[in-house]
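If you're matching positions, the sequence shown starts at 35 in the working numbering and goes up one per residue.
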Amino acid sequence: NQQVILKDYVNGLPKESDMLLKTSSTILLKLPQGSNGVLVKNLYLSCDPYLCCLMSKSQPIAGLGVAKVVDSGHSNLKKGDLVWGWTGWEEYTIITAPDALFKIQHTDVPLSYYIGILGMHGMTAYYGFYEICAPKKGEYVFVSAASGAVGQLVGQFAKLTGCYAVGTAGTNEKVELLKNKFGFDEAFNYKEEQDLDEALKRYFPEGIDIYFENVGGKMLEAVLLNMKTNGRVSVCGMISQYNLNEEEGMRNLSHIIMKRLHMKGFIVGDHINLYPKYMEMAIPLINEGKICYIEDIAEGLESAPAALLGLFSGKNVGKQVVVVAHE
Ligand code: NDP
C-alpha cells in the first residue's frame with residue numbers, strides 16, 4: 035500500500051521534501067474480522083489549501099477523495115460501490131466511519147467531479163454565493179482566485195443569475211479562461227496591476243455589490259474600498275494568509291462599518307444538508323452544458339505533494355486532482 039506521509043511537523047507551508055512516498059508493509063485486501071467499516075481503493079484525491087493545516091506526522095495525509103469499495107462491513111455499502119468523502123493519500127484506506135461517505139449515484143459524469151463541482155467545492159460555491167450573498171440580477175460581482183476549484187463555479191453561477199461578473203487570477207492564461215470559457219464579463223491578472231484599488235475602480239466604476247473572497251490580504255483591502263453600501267462579502271477563504279509566520283495587519287476594515295457591509299464567513303461542512311438540493315441544480319446544468327468545469331489532473335500518488343504545494347503558487351489551472359488509479 036503506497037502512502038504519502040508527512041515526515042515531521044513543520045512551521046508554515048511544508049516543502050515537497052517534507053512529504054514522503056512510502057510503501058507500507060500492510061497489504062490491505064480484506065477488512066479485519068468483525069469490522070463495520072469499509073475498505074476502499076482510492077481513485078481520485080482532492081488537493082485543497084487547508085490540507086497543509088491538517089497533516090499529522092508519519093500518517094498518510096487525510097483528505098477528500100473518490101474511491102471504490104473493495105470490502106464492506108457496513109449495511110448500506112457493498113463491494114463495487116463508488117463513494118466520495120474523507121479518505122487517505124494512499125492506494126487503499128480502511129474507513130472506520132463510513133456513514134460520512136456519500137454513495138455516488140450519477141456515474142454519467144467524470145468521477146473526479148465528486149471532488150470538485152459535484153462535491154465540496156461545488157457546495158462551497160453554491161452556499162457561499164447563493165445563501166450568503168443572496169444575489170440579484172444586474173448586481174456587480176467580483177471573484178478572486180476565480181479560475182480555481184471554487185471560483186470558476188461562482189463566476190458561472192453569477193452569470194446564470196444575470197449578474198455582471200469580474201474575476202481575477204494570477205496568470206494571463208487563467209484570465210483568458212475566465213473570459214472565454216467561464217463567461218466572466220471581464221477579468222484581470224492581479225499580478226500585473228501596480229495598484230489594485232485603481233484596477234477595481236476601472237472594472238467597477240459604480241462599486242461592487244458582491245465579493246466572493248478566496249484570497250484575503252491586499253486584495254481584500256482594495257475590495258473594501260470599492261464595495262457599495264449594503265454590499266455583501268462571502269468570506270470563503272484567505273489563501274494568502276494561511277502560511278504567514280508573522281501576522282501582517284490588514285487595512286480598510288472600517289469600511290465594513292461605514293458601508294454597512296454584510297460580511298460572513300462559513301465552513302461548507304456545516305451546510306451539508308443542502309447537498310441534495312445542490313445536486314438537483316448541478317446535475318441538469320452539467321448535462322445540458324450550461325456549466326463547465328476545468329480540472330488540472332496530476333497522475334499518480336508520487337505527483338501529489340507537488341500538486342498540493344502548487345496551489346500556493348497558482349500552478350493549478352482549475353480544480354487540482356490527483357489520480358491514484360483509473361478504477
Ligand atoms: P484553487 O483551486 O482556487 O487554488 C488556489 C488558488 O489560489 C491558486 O491557484 C492561486 O491562483 C490562488 N492563490 C494562491 N496563493 C495566493 C496568494 N498569495 N494571493 C492570491 N491568490 C493566491 O483553490 P480552491 O478553489 O479549492 O479554494 C479557494 C479558496 O476557498 C481557498 O482559500 C480555500 O481555502 C477556500 N475554501 C473554503 C471552504 C469553506 O468551507 N469555507 C471550502 C473550500 C475551499 P492565482 O493564479 O489566481 O493566484
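From the three backbone atoms N, C-alpha and C, an ideal C-beta is built for every residue, glycine too.
Source: prediction; values computed, not measured.
Discussion item. Considering just the uninterrupted stretch of the alpha helix (DSSP H) at residue 289, what are its terminal residues?
Written reply: 289-292
Worksheet item: Does the beta-carbon distance from residue 65 to residue 154 come in below 8 Å?
Response: Not a contact, by the Cβ cut-off of 8 Å.
Practice prompt. Quick one: residues in its chain with C-beta nearer than 6 Å to the C-beta of residue 201, no 5 flanking neighbours on either side, listed in chain order?
Written response: 177, 180, 189, 212, 218 and 221
Item to complete: Within the same chain, show all residues whose beta-carbon is closer than 6 Å to that of residue 226, passing over the 5 residues directly before and after it, in chain order.
Response: Non-local C-beta neighbours of residue 226 in its own chain, meaning closer than 6 Å and more than five positions away in sequence, are absent.
Item to complete: Have a look at 240, 125 and 250 and flag the residue whose alpha-carbon is nearest the alpha-carbon of residue 263.
Response: 240
Worksheet item: When we look at the beta-carbon of residue 157 and count the other beta-carbons within 10 Å, is it buried (16 or more) or exposed?
Response: buried
Practice prompt. Go through its chain and collect everything with a Cβ distance to residue 94's Cβ below 8 Å, but skip five positions before and after it.
Written response: 37, 38, 39, 122, 123, 124 and 127, listed in sequence order.
Worksheet item: Taking just the CA atoms, how far does residue 268 sit from residue 167?
Response: 6 Å
Discussion item. On a Cα-Cα basis, can you pick out the residue from 317, 335 and 328 that is closest to residue 140?
Written reply: When only C-alpha atoms are compared, the closest one is 317.
Discussion item. Using the Cβ count rule (16 or more neighbours within 10 Å means buried), how would you classify residue 48?
Written reply: buried
Discussion item. Would residue 311 and residue 327 be called neighbours here (beta carbons separated by less than 8 Å)?
Written reply: no
Worksheet item: What separation, rounded to the nearest whole angstrom, lies between the Cα atoms of residue 250 and residue 349?
Response: 19 Å
Worksheet item: Hey, how far is the Cα of residue 361 from the Cα of residue 76?
Response: Roughly 8 Å between the two C-alpha positions.
Worksheet item: Expressed to the nearest angstrom, what Euclidean distance is found between the alpha-carbon atoms of residue 96 and residue 81?
Response: C-alpha of residue 96 to C-alpha of residue 81: approximately 10 Å in a straight line.
Worksheet entry | Rounded separation between residue 186 and residue 135 - CA only | 25 Å
Worksheet entry | Contact under 8 Å by Cβ, residue 338 with residue 356 | yes
Fill in: Buried or exposed by the 16-neighbour rule on C-beta atoms within 10 Å, applied to residue 303
Counting Cβ neighbours within 10 Å, residue 303 comes out exposed, since fewer than 16 surround it.
Worksheet item: Name the DSSP beta bridge partners of residue 94, please?
Response: 39
Worksheet item: When DSSP labels each residue in this structure, what does residue 67 get in the three-state scheme?
Response: Looking at residue 67 - three-state DSSP - the assignment turns out to be coil, as it is neither helix nor strand.
Worksheet item: Where does residue 327 fall in DSSP's three states?
Response: coil
Worksheet item: Does DSSP put residue 296 in a helix, a strand or coil?
Response: In the structure shown, residue 296 sits in a strand (DSSP, three-state: E or B).
Item to complete: Put residue 119 into one of helix, strand or coil per three-state DSSP.
Response: In this structure, residue 119 counts as strand in the three-state DSSP scheme.
Discussion item. Below 7 Å, is the gap between the Cβ of residue 146 and the nearest heavy atom of the ligand NDP?
Written reply: no
Worksheet item: When burial is assigned at 16 or more other CB atoms within 10 Å of the CB, is residue 301 buried or exposed?
Response: exposed
Worksheet entry | Closest residue to residue 324 among 216, 257 and 110 (Cα-Cα distance) | 216
Item to complete: Indicate, with yes or no, if the ligand NAP has a heavy atom lying under 7 Å from the CB of residue 94.
Response: In the structure shown, the ligand NAP is absent; the only ligands present are the ligand NDP.
Worksheet item: Does DSSP classify residue 220 as helix, strand or coil?
Response: strand
Fill in: Whole-angstrom C-beta distance between residue 192 and residue 175, which should lie under 8 Å
Contact annotation, residue 175 with residue 192: C-beta distance approximately 4 Å; criterion of less than 8 Å satisfied.
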